[in-house]
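> Numbering (the numbering used here), first residue to last: 85 to 339.
Just so you know, even glycine gets a beta-carbon here, dropped at the ideal spot from N, CA and C.
Computed from a predicted structure; not experimentally measured.
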Ligand code: FPP
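1. Pick helix, strand or coil for residue 206, following the three-state DSSP scheme.
2. Taking the alpha helix (DSSP H) that residue 120 falls in, what are its first and last residues?
3. Grab me the residues of residue 333's own chain with a C-beta within less than 6 Å of its C-beta, minus the 5 sequence neighbours each way, in chain order.
4. Do residue 115 and residue 185 have their C-beta atoms within less than 8 Å of each other?
5. Among the candidates 168, 291 and 287, whose CA atom is the shortest distance from the CA of residue 122?
6. From what residue to what residue does the alpha helix (DSSP H) around residue 171 run?
7. So, helix, strand or coil for residue 86, using DSSP?
8. Looking at the structure shown, is residue 199 part of a helix, part of a strand, or coil, going by DSSP?
9. Can residue 181 be considered in contact with ligand 1, in the sense that its beta carbon sits closer than 7 Å to one or more heavy atoms?
10. Could you check if residue 34 is buried or exposed, using at least 16 other CB atoms within 10 Å of its CB as the buried criterion?
11. If you drop the 5 nearest sequence neighbours on each side, which residues of the same chain put their C-beta closer than 6 Å to that of residue 235?
12. Per DSSP, what kind of secondary structure is residue 313 in: helix, strand or coil?
13. Quick check: the Cα distance between residue 140 and residue 194, rounded to an integer number of angstroms?
14. Could you tell me the distance, in whole angstroms, from the CA atom of residue 124 to the CA atom of residue 219?
15. Considering only residues of the same chain and omitting the five flanking positions on each side of residue 249, which have a CB-CB separation below 7 Å?
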């Protein structure tokens with residue numbers, strides 16, 4: 085417990101959370117954690133040092149989200165397109181979940197956090213899968229924050245797979261084309277048991293979605309930060325939450 089809470093000045097945290105309306109906290113926050121490489125380059129460090137610093141930001145933002153009652157936090161940790169990076173970098177990224185969970189799993193268990201992984205298992209190294217399997221098993225009955233790592237995830241492939249699954253059911257007569265609804269389609273996605281994100285955060289100043297949850301973000305509020313992910317703090321996270329709370333969500337209506 086103590087280790088997981090380290091590094092946050094309690095005074096700052098209370099102050100930054102003070103004016104957050106607890107009755108209007110986004111249920112599901114999704115984050116595109118971008119800028120690790122540039123953060124490292126700016127300091128003359130190898131890219132992997134940026135990813136390692138990014139892991140620390142994962143810890144900070146998990147604590148921050150949990151503290152205000154966010155129900156689910158999805159972190160885009162590795163896309164289906166990221167395999168094209170140099171082997172050394174891919175290898176490092178695949179080892180980070182292990183390192184993170186080795187350090188933090190016990191605290192996550194104690195804090196009632198449920199760890200999940202969303203993405204394709206095929207192609208992921210055994211050691212990465214084993215780390216997530218252990219974490220998922222040990223936290224499966226936890227009822228607090230869902231900490232969801234999007235790993236080997238790509239939204240277009242997810243949609244194509246969902247289409248295939250529906251098409252197979254139509255072919256075999258389980259479904260008729262008229263049975264296909266938005267909610268049925270959502271139930272065939274990897275995120276079937278999560279609400280759509282209410283808030284999407286992307287760091288590093290890039291203004292794009294990079295194949296992340298394209299179906300799920302139809303009515304999501306976006307918040308972009310120019311900070312690189314390793315420098316993104318709980319105070320920045322709470323800025324995003326406050327801005328979210330100032331928005332009026334209309335879902336296409338006139339409210
Ligand atoms: C994008 O930044 C970031 C990634 C592809 C990896 C994100 C992974 C982490 C933040 C660590 C995850 C931690 C755990 C525990 C799984 P980039 O490298 O593309 O940055 P750049 O655009 O500046 O080059």
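The answer reads as follows:
1. Secondary structure at residue 206: coil, using DSSP grouped into helix, strand and coil.
2. DSSP places residue 120 inside the alpha helix (DSSP H), whose first and last residues are 120-126.
3. Cβ contact annotation for residue 333 (same chain, cutoff 6 Å, sequence separation greater than five): none.
4. For residue 115 and residue 185, no; Cβs fall outside 8 Å.
5. Ranking 168, 291 and 287 by CA distance to the CA of residue 122 puts 287 first.
6. Counting along the chain, the alpha helix (DSSP H) containing residue 171 begins and ends at 171-194.
7. In this prediction, residue 86 has a pLDDT of 35, which is less than 50 and means its spatial position is unreliable; nothing more can be read from the coordinates.
8. Here residue 199 sits in strand by DSSP.
9. Yes, the Cβ of residue 181 comes within 7 Å of a heavy atom of ligand 1.
10. Outside the displayed span of the chain (85 to 339) sits residue 34, for which this structure offers no information.
11. Excluding residues within five positions, the ones whose Cβ falls inside 6 Å are 161, 162, 201 and 203.
12. Note: residue 313 maps to helix in three-state DSSP.
13. Rounded to whole angstroms, the separation of the alpha carbons of residue 194 and residue 140 is 19 Å.
14. Those two C-alpha atoms are separated by around 29 Å.
15. Excluding sequence neighbours, residue 249 sits near 272.
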